[in-house]
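Numbering (this note's numbering), first residue to last: 443 to 616.
This is the structure we're talking about:
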């Protein structure tokens, strides 16, 4: 009986039609009349120079006042970067919807991507009281590292054992 049910279900699955997918020309989403176009913006200037050493310079200007310039070159290889480092730096300018001219300068290299411009937000300055506290914390950390480095090997082993067991001994911390 189980095999008969299995055969009937298998035949049903094989004979049933798959899900019908609408064709592009029949689909309402792809009607040509519904497509919207944007205003054509001309490219007024385009320049690209490619060097044999991998360096390049590129610049363009569009009809809606977008300007961009970029240079790139390969920094010499070193131990940290055996294949060299690609350095890219440039500037772009455009007009914001409120009429303000926005200019950004950027650089990307082994230190990451950095950008600056007058329109970008900056963090507020650290209040002097907090900065003083941070300086004290960093000084304490540095002092603790110096003390740890000056310990004799057997004292360091004893200190690690004591710290591991969770006991506090003031002679190791003052």
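All residues carry an ideal CB built from backbone N, CA and C; glycine is no exception.
Exercise. Near residue 498, what residues of its chain come up, given a Cβ to Cβ distance below 6 angstroms and the 5 sequence neighbours on each side ignored?
Worked result: As a working note, residue 498 is residue 56 in the chain shown. Cβ neighbours of residue 498 beyond the five flanking positions: 492, 514.
Problem set entry | Of the residues 564, 533, 520, 591, the one placed nearest residue 550, counting alpha carbons only | Numbered from its first residue, the chain shown carries residue 550 at position 108. For residue 550, the nearest C-alpha among the options comes from 533.
Exercise. For the putative contact between residue 510 and residue 522, defined by C-beta atoms under 8 angstroms, what is the C-beta separation to the nearest angstrom?
Worked result: In the chain shown, residue 510 corresponds to position 68, counting from 1. In the chain shown, residue 522 corresponds to position 80, counting from 1. Between residue 522 and residue 510 the Cβ distance is about 30 angstroms, and since that is not below 8 angstroms, they are no contact.
Problem set entry | C-beta atoms of residue 531 and residue 548 nearer than 8 angstroms | For this step, residue 531 is matched to residue 89 along the chain shown. For this step, residue 548 is matched to residue 106 along the chain shown. Cβ atoms of residue 531 and residue 548: closer than 8 angstroms.
For this session: Pick out whichever of 542, 507, 489, 503 has its Cα sitting closest to the Cα of residue 560.
Result: By 1-based counting over the chain shown, the position of residue 560 is 118. Measuring from the Cα of residue 560, the nearest candidate turns out to be 542.
Problem set entry | Test item: CB-CB of residue 506 and residue 483 under 8 angstroms | Position 64 of the chain shown, counting from 1, holds the residue named residue 506. Position 41 of the chain shown, counting from 1, holds the residue named residue 483. A distance below 8 angstroms separates the beta carbons of residue 506 and residue 483.
Problem set entry | Of the residues 489, 480, 496, 556, the one placed nearest residue 528, counting alpha carbons only | Locating residue 528 in the chain shown gives position 86, where the first residue counts as 1. For the residues 489, 480, 496, 556, the minimum Cα distance to residue 528 belongs to 496.
Exercise. Where do the N-terminal and C-terminal ends of the alpha helix (DSSP H) with residue 574 fall, by residue?
Worked result: Here the question's residue 574 lines up with position 132 in the chain shown. Segment 570 to 592, the alpha helix (DSSP H) holding residue 574.
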